[in-house]
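Enquirer: After the structure tokens below, expect a handful of questions from me.
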Ligand SMILES: *Cc1c(COP(=O)(O)O)cnc(C)c1O
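Residue numbers (our numbering): 8 to 352.
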């Protein structure tokens, strides 16, 4: 079976496990775990922020950011298929008491004019727009990259409107490697930044929330409220440090394989745009195939390839550490056959 469902499928390599086994540890809640402390220092610097907090997941990092940046009854604005709005179990409302407003975006990106309209439409004393969440890369548009100037302009516009900015950079390093822009340049525009280690970076779990030192002090308290004293967490932080040393540059290989797969599928007649394949996601539109998502996924599985949904009407294939050239070559054969594209081309 060729598994192209998600870059969360990566399993820790033998070398990563060895780094974990050798980790120096202490009590993280007392800030005495040297490996966690080192990861927090390096991650903050990497994303252009003062401080960082190690957390089990990027979802928790996002949720803590909402608690730190917003207030009960305020509004959070984001592109309508942003992870925070659609994949976090209503956490913005349940955990932070925030009203959510999703805005249509192009390739996952919003404009300053849209933020101005959202602020103008709100009722400031009763329901003020307090923050905007930007996602880099943007998952549901197919791993698309915000160009730096555009991200800077939207963050600046948000700040001028009095909003705080959270950057969900679960895959920030994919953007950084694909665009050859330092992660700190993207991360530095925001008040808080999420970075995830359990996707393309190949760790079993782990994420950080980074920001100014005072915000991250508040994040420590919120982490405790979420039940998150992680004690000898250096065992896991060691995997993240290993990934920062060994799994960042190699993301370029995932991107090259994704591009190869997108080109192969497009050549076979599938509705795939190689130009839109900027990182490790390939987006396949179902409409032209006349198939519903469930039927398409069943046919693919029967042919020996696992894909998953990207957003309504679209499938995704994702490359990562565990996907090799031979898997891509076989997928280029099998996916068009399974989806009936050869007969149509
Ligand atoms: C996967 C993902 C998350 C959540 O990451 P977990 O570590 O699995 O909780 C957050 N934001 C985006 C954009 C993601 O793709």
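Glycine included, each C-beta is placed from N, C-alpha and C at the ideal position.
1. From what residue to what residue does the beta strand (DSSP E) around residue 199 run?
2. Under DSSP, the beta strand (DSSP E) around residue 258 begins and ends at which residues?
3. Please classify residue 258: is it buried, with 16 or more other beta-carbons within 10 angstroms of its beta-carbon, or exposed?
4. Is the beta carbon of residue 206 closer than 8 angstroms to that of residue 62?
5. Quick check for students: name the residue ranges of the alpha helix (DSSP H) that lie wholly in the stretch 278 to 312, counting only runs of 4 or more.
6. Could you tell me if residue 8 is buried or exposed, where buried requires 16 or more neighbouring beta carbons within 10 angstroms of its beta carbon?
7. Report the residue from 84, 124, 96 and 126 whose alpha carbon sits nearest the alpha carbon of residue 106.
8. Tell me whether residue 146 counts as near ligand 1, meaning its Cβ is closer than 7 angstroms to at least one heavy atom of that ligand.
9. Would you check if the distance between the CB atom of residue 242 and the CB atom of residue 30 is smaller than 8 angstroms?
10. Which one of 15, 52 and 138 has the shortest CA to CA distance from residue 73?
11. Rank 97, 244 and 146 by C-alpha distance to the C-alpha of residue 181 and give the top, closest one.
12. Is residue 327 close to ligand 1? I mean its beta-carbon at under 7 angstroms from any heavy atom of the ligand.
13. Could you pull out every unbroken beta strand (DSSP E) segment of at least 3 residues lying fully inside the stretch 94 to 126, listed in chain order?
14. Assess, as a yes-or-no matter, whether the stretch 233 to 240 is touched by the stretch 51 to 70 under the definition of 3 or more beta carbon pairs within less than 8 angstroms.
15. Below 8 angstroms on the Cβ atoms is my guess for residue 315 versus residue 12; work out the distance and round it to an integer in Å.
16. Does the Cβ-Cβ distance between residue 108 and residue 157 come in under 8 angstroms?
17. Taking 8 angstroms as the cut-off, decide whether the C-beta atoms of residue 75 and residue 268 are in contact.
18. Quick one, which of 93, 165 and 133 has its alpha-carbon nearest residue 124's?
19. Could you give the distance in angstroms between the alpha-carbon of residue 122 and the alpha-carbon of residue 337?
20. What did DSSP end up calling residue 185 once you bin it into helix, strand or coil?
21. Which stretch, first to last residue, makes up the alpha helix (DSSP H) that contains residue 321?
22. Among 132, 176 and 290, which one has its Cα closest to the Cα of residue 208?
23. Buried or exposed: where does residue 170 fall if 16 or more other Cβ atoms within 10 Å of its Cβ makes it buried?
24. Just to confirm, are residue 54 and residue 190 a CB contact at a threshold of 8 angstroms?
25. Determine the burial state of residue 132: buried for a count of at least 16 other Cβ atoms within 10 Å of its Cβ, exposed for fewer.
26. Shorter than 7 angstroms, the distance from the beta carbon of residue 183 to the closest heavy atom of ligand 1, or not?
27. Among 325, 86, 81 and 326, whose alpha-carbon lies nearest the alpha-carbon of residue 161?
28. Just the C-alpha distance for residue 332 and residue 266, rounded to the nearest angstrom, thanks.
29. When we look at the beta-carbon of residue 22 and count the other beta-carbons within 10 Å, is it buried (16 or more) or exposed?
Expert: Once the coordinates are examined:
1. Bounds of the beta strand (DSSP E) holding residue 199 are 199 to 203.
2. Note, residue 258: premise wrong, no beta strand (DSSP E); alpha helix (DSSP H) at 258 to 274.
3. Its Cβ being crowded by 16 or more others within 10 Å, residue 258 is buried.
4. No.
5. Taking only runs of at least 4 residues, the alpha helix (DSSP H) segments lying wholly in the stretch 278 to 312 are 300 to 310.
6. Exposed: under 16 other Cβ atoms inside 10 Å.
7. When C-alpha distances from residue 106 are compared across 84, 124, 96 and 126, the shortest belongs to 84.
8. Judged by the Cβ position, residue 146 qualifies as a neighbour of ligand 1 at the 7 angstroms threshold, a heavy atom of the ligand being closer than this.
9. Taking a C-beta distance under 8 angstroms as the contact criterion, residue 242 and residue 30 qualify as a contact pair.
10. Nearest to residue 73 by alpha-carbon distance, out of 15, 52 and 138, is 138.
11. Closest option to residue 181, Cα to Cα, is 146.
12. Annotation for residue 327 indicates a beta carbon at 7 angstroms or more from all heavy atoms of ligand 1.
13. Counting only runs of 3 or more, we get 106 to 110.
14. Short answer: they touch.
15. 4 angstroms between Cβ atoms; contact.
16. When the beta-carbon positions are compared, residue 108 and residue 157 stay at least 8 angstroms from each other.
17. Taking 8 angstroms as the Cβ cut-off, residue 75 and residue 268 do not qualify as a contacting pair.
18. Nearest of 93, 165 and 133 to residue 124, Cα basis: 165.
19. Their backbone Cα atoms lie some 44 angstroms apart in a straight line.
20. Helix at residue 185.
21. Run containing residue 321: none in the alpha helix (DSSP H); it sits in the beta strand (DSSP E), 321 to 325.
22. Selected option, being the one with the closest Cα: 176.
23. It counts as buried.
24. Yes, the pair counts as a contact, with Cβ atoms nearer than the cut-off.
25. Looking at its Cβ environment, which holds fewer than 16 other Cβ atoms inside 10 Å, residue 132 is exposed.
26. With a threshold of 7 angstroms, the Cβ atom of residue 183 does not count as near ligand 1, since no heavy atom of the ligand is closer than that.
27. Of the candidates 325, 86, 81 and 326, the one whose C-alpha sits nearest the C-alpha of residue 161 is 86.
28. Residue 332 and residue 266 have their alpha carbons spaced roughly 12 angstroms apart.
29. So residue 22 ends up on the exposed side.
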